[in-house]
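Asker: Residue numbers (my numbering): 5 to 521.
Here it is, the structure, as structure tokens.
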Amino acid sequence: MTFEILFMLLTLSGMVLALVLDKMRPGMVLFSVVVLLLCAGILSPKEMLEGFSNKGMITVAMLFLVSEGIRQSGALGQIIKKLLPRKKTTVFKAQLRMLPMISFISAFLNNTPVVVIFAPIIKRWAESVQLPATKFLIPLSYVTILGGICTLIGTSTNLVVHGMILEAGYEGFTMFELGKVGIFIAVAGIIYLFAFSSKLLPDARADSAGLGEEQEEYGNLHRVEAVLGARFPGINKKLETFNFRRHYGAEVKEIKRGGQSIVRNLENEYFREGDTLVLMADDSFVQTWGESSVFVLLANGHDTEPVPGKGKRWFALLLLILMITGATVGELPVMKEVFSGIKLDMFFFVSVTTVVMAWAKIFPARKYTKYISWDILITIACAFAISKAMVNSGVADVVAHYIIEMSEHYGPHVLLAVVFIITNLFTELITNNAAAALAFPLALSISAQMGVSPIPFFVVICMAASASFSTPIGYQTNLIVQGIGNYKFTDFVRIGLPLNIITFLISIILIPLIWPF
């Protein structure tokens, strides 16, 4: 075993451990790994920086702005309100109205703003019709994931894999190519949620006793739920050390974490990312901190999303439709011939849409940097470099050879299953983009050594890296609904693990039929 291979294996092991223990944000963990690989001579400065100029990464950045434009247009809030039944109904009938449409919406928009907008509205609605909100919030997160796997832009993971495919010299995915298998998974997943979510999900867990009485004592103050984001400055600090009232002008009355309600000895509790704080705050709190990145979600029992005029809503939706249509039609051979000097791909149309939205003031152009998740972008850029280092060091070939030897008598179908399982385990434990980065060079090397097409392996990485259903930590939307729905970790395992298995079986059966080896 060479020094490069040993160093790479130790570095990757340390990276996975740091991500699992959540010692730093994923972007900084991966960037630290890339710097180590640069110092070891496994990466050149050029290779280290190539990911920061990758089209897939830049496309993800601009899609954050497009999603923010749709959010600020007020279109999403109006859509979900029209979907929710206005009279008393059953869980099944309500899910039947909501889940398919939400899945469709998330195929074209970033999942996080969809969940951030819909979750508090659905929770308020469920309380008003006397249904447990817990029957809807995990399904909300899951259907956004299921919708995201159906298109190239549905999730950043698809764009990351697409970018790696282009760098490897292959033709990337078209807009709806992944939908050939993604739609089957989405439909099966939604049917599963219809059939079993009422049985497998818990009834509503009551908030701490006495909060309503305390609210009366506080006069003009009222209850606000705040989900802590990664940028909250008090993460890993005790409440007594980090004076929340002095920083934000509100008092913490309860901390919800992992389905538990903490109301006693709060001053000794540490703040954790994804915690839901129940606060007593005045009317200015949501207005002041509503767009702050330190809170992923704020809910005060009222509409907090902007409601601009119909003209702005329709113009934002028209731009989104034109972007999707343009990127789809632009991939046709006739369009490539007519516009031979311009590549009419997703990167082209999302760039145009972003600029038009900025100049049309659909999102505040002066604050555009605020709406981009820089940690995700750094994670993606570093993922490209780590993937390259796995090839340079020889780790990808060695691990691929070892995997092939273990299953040499079973053919590529078993190897496809192995790649799915490896990728899916990583995405549940760390992050989806990092999981794709680790799996991609393995898939490339396995297909090369087997002498088969790598495309089925690329597609299975997209499906497996997005299928984060069994834990709340693999996907940010799961973390958001865990807090606001007061779910336990085991709630995700109970309903999510069968969904992981459904995704696995459909992927392994259909992908080789659609993209032959």
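In this text, a Cβ means the ideal position worked out from N, Cα and C, and glycines have one as well.
Note that this is a predicted model, so its numbers are computed, not measured.
Please work out which residues of its chain come closer than 6 Å, Cβ to Cβ, to Thr431, disregarding the five sequence neighbours upstream and downstream, and give them in chain order.
Answerer: Position 427 of the sequence shown, counted from the first residue, corresponds to residue 431. So the qualifying residues of the chain are Ala439, Ala469, Ser472 and Gly478.
Asker: What did DSSP end up calling Tyr414 once you bin it into helix, strand or coil?
Answerer: Within the sequence shown, the letter at position 410 stands for residue 414. Tyr414: coil per DSSP, three-state reduction.
Asker: How close, in whole Å, do the beta carbons of Ala577 and Gly73 come, if the pair is a contact with beta carbons under 8 Å?
Answerer: Absent from the model: residue 577. The displayed extent of the chain is 5 to 521, so no value can be given.
Asker: In chain order, what residues of the same chain lie with their CB nearer than 7 Å to the CB of Met52, ignoring the 5 residues before and after it?
Answerer: If you number the sequence shown from 1, residue 52 lands on position 48. If we look at Met52 and ignore the five residues flanking it on each side, its Cβ neighbours are Val38, Leu42 and Ala389.
Asker: Nearest CA to the CA of Glu258: which residue from Tyr252, His251, Arg250 and Val267?
Answerer: Against the sequence shown, residue 258 aligns to sequence position 254. If we check each option's Cα against that of Glu258, Val267 comes out closest.
Asker: So, Ala254 versus Asp286, is the Cβ gap smaller than 9 Å?
Answerer: Within the sequence shown, numbered from 1, the residue matching residue 254 stands at position 250. Within the sequence shown, numbered from 1, the residue matching residue 286 stands at position 282. Taking 9 Å as the Cβ cut-off, Ala254 and Asp286 qualify as a contacting pair.
Asker: Taking the alpha-carbon positions, what's the Gly345 to Trp363 distance?
Answerer: Residue numbering aside, residue 345 sits at position 341 when the sequence shown is read from its first letter. Residue numbering aside, residue 363 sits at position 359 when the sequence shown is read from its first letter. Each residue's Cα considered, the two are about 26 Å apart.
Asker: If you count every other CB in all the chains shown that lies within 10 Å of the CB of Ile384, and 16 or more means buried, which is it?
Answerer: Numbered from its first residue, the sequence shown carries residue 384 at position 380. Looking at its Cβ environment, which holds 16 or more other Cβ atoms inside 10 Å, Ile384 is buried.
Asker: Taking the C-alpha atoms as reference points, what is the distance between Phe180 and Val360?
Answerer: What you label residue 180 is simply residue 176 of the sequence shown in a count that begins at 1. What you label residue 360 is simply residue 356 of the sequence shown in a count that begins at 1. C-alpha separation (whole angstroms): 24 Å.
Asker: Val463 and Val185: beta carbons closer than 9 Å?
Answerer: In the sequence shown, counting from the first residue as 1, residue 463 sits at position 459. In the sequence shown, counting from the first residue as 1, residue 185 sits at position 181. A contact, by the Cβ cut-off of 9 Å.
Asker: Below 8 Å on the Cβ atoms is my contact criterion, and I expect Leu524 with Met102 to pass it. Report the Cβ-Cβ distance as a whole number of Å.
Answerer: In the structure as shown, the chain starts at 5 and stops at 521, and residue 524 therefore has no counterpart that could be examined.
Asker: In the region 273 to 354, which residue ranges form an unbroken alpha helix (DSSP H) of at least 4 residues, counting only runs that do not cross its ends?
Answerer: 288 to 293, 314 to 333 and 337 to 342, all fully within the region 273 to 354.
Asker: Which residues in the same chain as Trp519 place their Cβ atom closer than 8 Å to its Cβ, once the five residues preceding and following it in sequence are excluded?
Answerer: On the sequence shown, position 515 is the one that residue 519 refers to. Excluding sequence neighbours, Trp519 sits near Ser457, Ile459, Pro460 and Val463.
Asker: Excluding the five sequence neighbours on either side, which residues of its own chain have a C-beta within less than 7 Å of the C-beta of Glu217, listed in chain order?
Answerer: Working through the sequence shown from its first residue, we reach residue 217 at position 213. Summary for Glu217: the model assigns pLDDT 49, below 50, so the residue's position carries little reliability, and this model does not support an answer.
Asker: Can you say whether Leu503 is buried or exposed, counting buried as having 16 or more other CB atoms within 10 angstroms of its CB?
Answerer: Within the sequence shown, the letter at position 499 stands for residue 503. Classification for Leu503: buried.
Asker: Is it buried or exposed, Arg75, if we count other Cβ atoms within 10 angstroms and call 16 or more buried?
Answerer: In the sequence shown, the residue the question calls residue 75 occupies position 71. When all chains shown are included, Arg75 counts as buried.
Asker: Taking DSSP as the reference, what is the three-state secondary structure of Arg227?
Answerer: Walking along the sequence shown from the start, residue 227 turns up at place 223. Strand at Arg227.
Asker: Could you check whether Ala172 and Leu448 sit closer than 9 Å to each other, using their CB atoms as the reference points?
Answerer: Numbered from its first residue, the sequence shown carries residue 448 at position 444. Numbered from its first residue, the sequence shown carries residue 172 at position 168. Cβ atoms of Leu448 and Ala172: closer than 9 Å.
Asker: Ordered along the chain, which non-local residues of its own chain (more than five positions away) have a Cβ less than 7 Å from that of Pro445?
Answerer: For the purposes of this step, residue 445 is taken as residue 441 along the sequence shown, with counting starting at 1. The residues are Ser391, Met394, Val395 and Ala400.
Asker: Would you grab the beta carbon distance between Asn272 and Lys242 for me? Rounded to a whole angstrom, and I think it's under 8 Å.
Answerer: Reading the sequence shown from its first residue, position 268 is the one you call residue 272. Reading the sequence shown from its first residue, position 238 is the one you call residue 242. Yes, they are in contact, since the Cβ atoms of Asn272 and Lys242 sit about 6 Å apart, within 8 Å.
Asker: Could you give the DSSP three-state label for Gln264: helix, strand or coil?
Answerer: Here residue 264 refers to the residue found at position 260 when the sequence shown is read from its first residue. Residue state, collapsed to three classes: strand.
Asker: How about Ile506 and Ala111: are their beta carbons less than 9 Å apart?
Answerer: For the purposes of this step, residue 506 is taken as residue 502 along the sequence shown, with counting starting at 1. For the purposes of this step, residue 111 is taken as residue 107 along the sequence shown, with counting starting at 1. Their beta carbons are not under 9 Å apart, which means Ile506 does not touch Ala111 by this criterion.
Asker: How about Gly167 and Gly176: do their beta carbons lie closer than 9 Å?
Answerer: Counting from one through the sequence shown, the residue named residue 167 turns up at place 163. Counting from one through the sequence shown, the residue named residue 176 turns up at place 172. Closer than 9 Å, so yes.
Asker: Suppose contacts are defined by Cβ-Cβ distances below 9 Å. Is Ile380 in contact with Val423 by that definition?
Answerer: Taking the sequence shown and counting its residues from 1, the one referred to as residue 380 is at position 376. Taking the sequence shown and counting its residues from 1, the one referred to as residue 423 is at position 419. The answer is no: Cβ separation not under 9 Å.
Asker: Three-state secondary structure (DSSP) at Val256?
Answerer: Counted from its first residue, the sequence shown places residue 256 at position 252. Reduced to three states, the DSSP call for Val256 is strand.
Asker: In three-state DSSP terms, what is Leu16?
Answerer: Position 12 of the sequence shown, counting from 1, holds the residue named residue 16. DSSP places Leu16 in helix when its eight states are reduced to three.
Asker: Suppose you measure from the CA of Ser297 to the CA of Gln480; what does that come to, to the nearest Å?
Answerer: In the sequence shown, residue 297 corresponds to position 293, counting from 1. In the sequence shown, residue 480 corresponds to position 476, counting from 1. Between Ser297 and Gln480, the C-alpha separation is close to 14 Å.
Asker: In whole angstroms, give me the CA-to-CA distance for Ala443 and Gly55.
Answerer: The residue labelled residue 443 in the question sits at position 439 within the sequence shown. The residue labelled residue 55 in the question sits at position 51 within the sequence shown. Approximately 17 Å between the Cα atoms of the pair.
Asker: Should the region 13 to 27 be regarded as contacting the region 366 to 381, the criterion being three or more beta carbon pairs within less than 8 Å?
Answerer: In short, these stretches do not touch, since the Cβ pair count stays below three.
Asker: Would you give the residue range spanned by the alpha helix (DSSP H) that Arg90 belongs to?
Answerer: Position 86 of the sequence shown, counted from the first residue, corresponds to residue 90. Neither: Arg90 is in no alpha helix (DSSP H) and is coded neither H nor E.
Asker: When the Cα atoms are used, what is the spatial distance from Gly455 to Lys340?
Answerer: Residue numbering aside, residue 455 sits at position 451 when the sequence shown is read from its first letter. Residue numbering aside, residue 340 sits at position 336 when the sequence shown is read from its first letter. When rounded, the distance between both Cα atoms is 31 Å.
Asker: Would you call the CB atoms of Val231 and Leu281 closer than 9 Å?
Answerer: Here residue 231 refers to the residue found at position 227 when the sequence shown is read from its first residue. Here residue 281 refers to the residue found at position 277 when the sequence shown is read from its first residue. Cβ atoms of Val231 and Leu281: closer than 9 Å.
Asker: Measure from the alpha carbon of Pro516 to the alpha carbon of each residue in Pro416, Ile426, Lys97 and Thr427, then state which is nearest.
Answerer: Against the sequence shown, residue 516 aligns to sequence position 512. The candidate whose alpha carbon is nearest that of Pro516 is Pro416.
Asker: Determine the DSSP secondary structure at Leu232, reduced to helix, strand or coil.
Answerer: For the purposes of this step, residue 232 is taken as the residue at position 228 of the sequence shown. DSSP places Leu232 in strand when its eight states are reduced to three.
Asker: Within 10 Å of its beta-carbon, does Lys371 have 16 or more other beta-carbons around it, so buried, or fewer, so exposed?
Answerer: For this step, residue 371 is matched to residue 367 along the sequence shown. With fewer than 16 other Cβ atoms within 10 Å, it is exposed.
Asker: Would you tell me roughly how many angstroms separate the C-alpha atoms of Leu13 and Arg29, rounded to the nearest one?
Answerer: Here residue 13 is taken as the residue at index 9 of the sequence shown, counted from 1. Here residue 29 is taken as the residue at index 25 of the sequence shown, counted from 1. Each residue's Cα considered, the two are about 21 Å apart.
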